[in-house]
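Undergrad: 128 is the number that our numbering gives to position 144 of the sequence shown; each next residue is one higher, with no gaps.
Ideal Cβ positions, reconstructed from N, Cα and C, are used throughout, including at glycine.
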Amino acid sequence: MTDSPPSYPPAKHILRSLRYEVEHRPDFTSTASMEAGPHLRSASGHVEIGALATLADATAGGLAALAASPGWIATSDLTLHLAGPVSARRVIAHGRVLRRGKSKIVLAVDLESDQGSPLGIATMSFSVLPRRDGNPIMVSSSEATTHSFLPSDSHLDDAAAEGHIHEAIGLSMIADVVGGVETDMTEYVVNTLGAMQGGAVATLGAQSASSAVQASAGSNELFECMDLVITYLSLGKVGPIRASAVVTQVSSDWGTARVEIRDSGSENRLMAIVAATAVRV
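1) Using CA coordinates, which residue listed in Leu64, Val174, Gly29 is at the minimum distance from Val70?
2) DSSP state of His139, grouped into three classes?
3) For Thr187 versus Gly85, is the C-beta spacing smaller than 8 Å?
4) Taking the alpha carbon of Val213 as the point to measure from, which residue in Leu66, Asp160, Thr130 has its own alpha carbon closest?
5) If you follow the alpha helix (DSSP H) that Ser111 is in, where does it begin and where does it stop?
6) Report yes if the CB atom of Ile76 is closer than 8 Å to the CB atom of Ala48, and no otherwise.
7) Cβ of Leu62 within 8 Å of Cβ of Ala40?
8) Let me make sure I understand the geometry here. Which of Ser132, Asp247, Ile257 has the alpha-carbon closest to that of Ser60?
9) Which one of Met108, Ser195, Val263 has the shortest CA to CA distance from Val243?
10) With distance defined between alpha-carbon atoms, name the residue in Ala159, Gln191, Ser132, Val162 nearest to Glu151.
11) With distance defined between alpha-carbon atoms, name the residue in Asp98, Val112, Leu36 nearest to Trp56.
12) Quick one: give me the first and last residue of the alpha helix (DSSP H) that Gln181 is part of.
13) Candidates Ala16, Ser235, Val230, Ile225: which alpha carbon is nearest Ser97's?
14) Tell me which residues share the same chain as Leu177 and place their Cβ nearer than 7 Å to its Cβ, disregarding the 5 neighbours each side in the sequence.
15) By DSSP, does Gly154 sit in helix, in strand, or in coil?
16) Sorry if obvious, but does the Cβ on Ile57 come closer than 7 Å to a heavy atom of the ligand PLP?
17) If you draw a straight line from the alpha carbon of His108 to that of His78, how long is it in whole angstroms?
18) Whole-angstrom Cβ separation of Val263 and Met210, contact assumed at under 8 Å?
19) Helix, strand or coil, according to DSSP, for Val74 in the structure here?
20) Using the beta-carbon count (16 or more within 10 Å), is Thr130 buried or exposed?
21) Taking the alpha carbon of Asp237 as the reference point, which residue from Ser228, Ala37, Gln198, Thr167 has its own alpha carbon closest?
22) Quick one: give me the first and last residue of the alpha helix (DSSP H) that Gly202 is part of.
23) On the three-state DSSP scale, how would you describe Ser218?
24) Which partner residues does Gly79 have in the DSSP bridge list?
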């Protein structure tokens, strides 16, 4: 395996906000980590599920790229179930390949705290694509390889100085739309295909679902997503990227929602469908 080209990830990128570090091993397993600083936490102090989905997506994506080599990959679906609200300061991800096919790679990622407490599980599948110019070169090695995606030097040791992940992505609420959330396409959320990164899509979907459930419950208390089931349908490249939700069940303590995410700048193309469960915290 060789290092990714300098152009990816950019200097300001969602992976760098996670202080993402990973070790890939020749048996198609990996261990990765993220630092859950204040910029990755909700108002309740819990780690944002979007950040955890980004960790799972990046961990599984690196393994899938190795398994698909010399081809490349795109996320097809992501399912993330949390055991409960996550408060750990450091989250560890253990990834493994479950199925390595010619057209699809299926993986599992277990999340735990740095103390070894189980936090959640994710399963993902990736479509195998022909390699394009600009895709990072991933070559299987007989030895473990490590990669670190850290912030710029000015923020390297001060996570508190970093803006919240929602601000960095550029999330804003859309008035008069249930679960209405939007963001522009920027380098911060781009993936190796020039489209919105899977974890950023998850963040958008989770914010849409949780805000819709909270509004439907008529509560002033915070609701947070604990489960996400995402089907990725097309690449979002133009923007603004917009999400809207339909609440399917709701009570005073929890609710479920179905979210549609569309690329409004590309004929309002449907990018992803998200089924989410949010609970009162």
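TA: Short version:
1) Taking the sequence shown and counting its residues from 1, the one referred to as residue 70 is at position 86. The candidate whose alpha carbon is nearest that of Val70 is Gly29.
2) Position 155 of the sequence shown, counted from the start, is the residue given in the question as residue 139. Note that His139 scores 49 on pLDDT, short of 50, meaning its location in the model is unreliable; the coordinates nonetheless yield the value given after this. Three-state result, His139: helix.
3) Position 203 of the sequence shown, counted from the start, is the residue given in the question as residue 187. Position 101 of the sequence shown, counted from the start, is the residue given in the question as residue 85. No, they are not a contact pair.
4) Along the sequence shown, read from residue 1 onward, the residue named residue 213 stands at position 229. Selected option, being the one with the closest Cα: Leu66.
5) Against the sequence shown, residue 111 aligns to sequence position 127. Here Ser111 belongs to no alpha helix (DSSP H); instead the beta strand (DSSP E) covers 102 to 113.
6) Reading the sequence shown from its first residue, position 92 is the one you call residue 76. Reading the sequence shown from its first residue, position 64 is the one you call residue 48. No. Outside cutoff.
7) Start at 1 with the first residue of the sequence shown, and residue 62 comes out as number 78. Start at 1 with the first residue of the sequence shown, and residue 40 comes out as number 56. Cβ atoms of Leu62 and Ala40: closer than 8 Å.
8) Here residue 60 corresponds to residue number 76 of the sequence shown, with the count starting at 1. It is Ile257.
9) The residue labelled residue 243 in the question sits at position 259 within the sequence shown. Comparing Cα-Cα distances from Val243 to each of Met108, Ser195, Val263, the minimum goes to Ser195.
10) The residue given as residue 151 occupies position 167 in the sequence shown. Taking only the C-alpha atoms, the option nearest Glu151 is Gln191.
11) Residue numbering aside, residue 56 sits at position 72 when the sequence shown is read from its first letter. Per the Cα distances, Val112.
12) Counting from one through the sequence shown, the residue named residue 181 turns up at place 197. Where Gln181 is concerned, there is no enclosing alpha helix (DSSP H), given that its DSSP letter is neither H nor E.
13) In the sequence shown, counting from the first residue as 1, residue 97 sits at position 113. Answer by Cα proximity: Ala16.
14) For this step, residue 177 is matched to residue 193 along the sequence shown. So the qualifying residues of the chain are Ala58, Leu219.
15) As a first step, residue 154 must be located in the sequence shown, where it is residue number 170. The answer is coil: DSSP assigns Gly154 none of H, G, I, E or B.
16) Ligands displayed in this structure: none; no statement on the ligand PLP is therefore possible.
17) For the purposes of this step, residue 108 is taken as the residue at position 124 of the sequence shown. For the purposes of this step, residue 78 is taken as the residue at position 94 of the sequence shown. In the sequence on display, residue 108 carries Met and not His. Approximately 13 Å between the Cα atoms of the pair.
18) Taking the sequence shown and counting its residues from 1, the one referred to as residue 263 is at position 279. Taking the sequence shown and counting its residues from 1, the one referred to as residue 210 is at position 226. About 5 Å separates the two Cβ atoms, so the contact holds.
19) Numbered from its first residue, the sequence shown carries residue 74 at position 90. At residue 74 the sequence reads Arg, which differs from the Val that was named. Strand, per DSSP.
20) Stepping through the sequence shown from its first residue, residue 130 is reached at position 146. By the 10 Å Cβ count, Thr130 comes out exposed.
21) The residue labelled residue 237 in the question sits at position 253 within the sequence shown. Out of Ser228, Ala37, Gln198, Thr167, Gln198 has the C-alpha closest to the C-alpha of Asp237.
22) Locating residue 202 in the sequence shown gives position 218, counting from the first residue. Where Gly202 is concerned, there is no enclosing alpha helix (DSSP H), given that its DSSP letter is neither H nor E.
23) Locating residue 218 in the sequence shown gives position 234, where the first residue counts as 1. Correct three-state label for Ser218: coil.
24) Taking the sequence shown and counting its residues from 1, one reaches residue 79 at position 95. Ser14, Val93, per the DSSP bridge assignment.
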